[in-house]
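Engineer: Numbering (numbering that gives the first Met the number 0), first residue to last: 0 to 246.
Backbone N, C-alpha and C fix where the C-beta goes; we use that ideal spot for every residue, glycine too.
Just dropping this structure here.
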Amino acid sequence: MNQKVHGIAVLVVTVLTYLFTVHPMIRPLTLKFFVFYCYFTFFGSFYYFAIRSKNSKTNTTSIFIYLLTATALLLVGATGWFRSPFFYMIYLLAIFYSHIFSRTIALVFVFVITGLLIPEVARDSFLFDNIRLLTLLLIVPVVEIFQNTFLNLKEQQKKILILESSKTDDKTDVVGQITGNKVHRLAFHLRARIGDIKQFAFLLKKNRNSKKTNIYGKDIVDISDEMLTEIDKFEKQTTGEKIAHKK
Numbered sequence: 000m001n002q003k004v005h006g007i008a009v010l011v012v013t014v015l016t017y018l019f020t021v022h023p024m025i026r027p028l029t030l031k032f033f034v035f036y037c038y039f040t041f042f043g044s045f046y047y048f049a050i051r052s053k054n055s056k057t058n059t060t061s062i063f064i065y066l067l068t069a070t071a072l073l074l075v076g077a078t079g080w081f082r083s084p085f086f087y088m089i090y091l092l093a094i095f096y097s098h099i100f101s102r103t104i105a106l107v108f109v110f111v112i113t114g115l116l117i118p119e120v121a122r123d124s125f126l127f128d129n130i131r132l133l134t135l136l137l138i139v140p141v142v143e144i145f146q147n148t149f150l151n152l153k154e155q156q157k158k159i160l161i162l163e164s165s166k167t168d169d170k171t172d173v174v175g176q177i178t179g180n181k182v183h184r185l186a187f188h189l190r191a192r193i194g195d196i197k198q199f200a201f202l203l204k205k206n207r208n209s210k211k212t213n214i215y216g217k218d219i220v221d222i223s224d225e226m227l228t229e230i231d232k233f234e235k236q237t238t239g240e241k242i243a244h245k246k
């Protein structure tokens, strides 16, 4: 499923679960339905992991995630939302969405749940409830900042390699989309230079003129040196070490 479908599904599941827990006629049944959902989620998890082990291309993953969302929100709602000792699960869901789907879908969830919880703010705990809502609004960007900082630190220590150095949002810029990836950029550059070598080698074979042969031969050597330098540079940047090679 694409991101728009996921966003709509998250919105619908969140709103319906909230209404289910606050409606005066349905609220007394919330705990019973929560127990049912716990069993349903528990047995559904076995099916989910069985599907994952077979690498089946289905929507089971998404359905399982929405099932977990409903179960978690039912738990929070059944125990009083702001007064719930399980309120932290809403923070975990927001972080979970940002990793599984995207930051946009995580923010959709955060804004929807915040809008639904505003009427739940109590006068006797007005400040505390508003601080909770504020931290909920900030949880996704703060986690992303910490994550990016951690990854950049690990990359500087040469423990990991972040492939996406830059990314353009322009879908028509095919070259920009490709060269935003470090490995793709190196391969793109080397492939172009190897094409030049192939062309010069063809001209060498075709032309018997000694002067042109020397020029083409020099170009091949220069391009080869440039390619080796690019590989050494990439090797040094990604591993922090430069391996000595025989000339």
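Mind checking histidine 5: buried by the 16 CB within 10 Å criterion, or exposed?
Structural biologist: Looking at its Cβ environment, which holds 16 or more other Cβ atoms inside 10 Å, histidine 5 is buried.
Engineer: With DSSP as the reference, label phenylalanine 19 as helix, strand or coil.
Structural biologist: Of the three classes helix, strand and coil, the one that applies to phenylalanine 19 here is helix, per DSSP.
Engineer: Could you check how far apart the C-beta atoms of arginine 102 and valine 139 are, in whole angstroms? I think they sit under 8 Å.
Structural biologist: At roughly 6 Å, the Cβ-Cβ gap stays under 8 Å, so arginine 102 and valine 139 are in contact.
Engineer: Between Met226, Leu203, Val220, which lies nearest to alanine 191 when the distance is taken from Cα to Cα?
Structural biologist: Here the closest residue by C-alpha is Met226.
Engineer: Could you pull out every residue in the same chain whose Cβ sits closer than 6 Å to the Cβ of leucine 72, ignoring the five residues on either side in sequence?
Structural biologist: Within the same chain, leucine 72 has close Cβ partners Thr16.
Engineer: Grab me the residues of valine 120's own chain with a C-beta within less than 8 Å of its C-beta, minus the 5 sequence neighbours each way, in chain order.
Structural biologist: Cβ neighbours of valine 120 beyond the five flanking positions: Phe81, Asp128, Asn129, Leu132.
Engineer: Would you decide whether isoleucine 117 is buried or exposed? Buried here means 16 or more other CB atoms lie within 10 Å of its CB.
Structural biologist: Under this definition isoleucine 117 is an exposed residue.
Engineer: What does a CB cutoff of less than 7 Å around isoleucine 89 pick up in its chain, not counting 5 residues either side in sequence?
Structural biologist: Answer for isoleucine 89: Val75, Ile112, Leu135, listed in chain order.
Engineer: How would you call valine 173, buried or exposed, if buried means at least 16 neighbouring beta carbons within 10 angstroms?
Structural biologist: Annotation note: pLDDT 49 at valine 173 (below 50); position unreliable, coordinate value reported separately. Flag for valine 173 reads exposed.
Engineer: Let me know the secondary structure DSSP gives proline 140 once reduced to three states.
Structural biologist: Proline 140 falls in the helix class under three-state DSSP.
Engineer: What three-state label does DSSP hand isoleucine 25 in the structure shown?
Structural biologist: It is coil, neither helix nor strand.
Engineer: Between the alpha carbons of phenylalanine 149 and glutamine 2, how many angstroms are there, rounded?
Structural biologist: Distance between the alpha carbons of phenylalanine 149 and glutamine 2: 26 Å.
Engineer: Got a sec, what are the start and stop residues for the alpha helix (DSSP H) glycine 79 sits in?
Structural biologist: No alpha helix (DSSP H) holds glycine 79; DSSP gives it neither H nor E.
Engineer: Valine 109: buried (16+ other C-beta within 10 angstroms of its C-beta) or exposed?
Structural biologist: Answer is buried; the Cβ neighbour count reaches 16.
Engineer: With distances taken Cα to Cα, identify the nearest neighbour of proline 23 among Ala77, Ile196, Ser61, Cys37.
Structural biologist: Taking only the C-alpha atoms, the option nearest proline 23 is Ala77.
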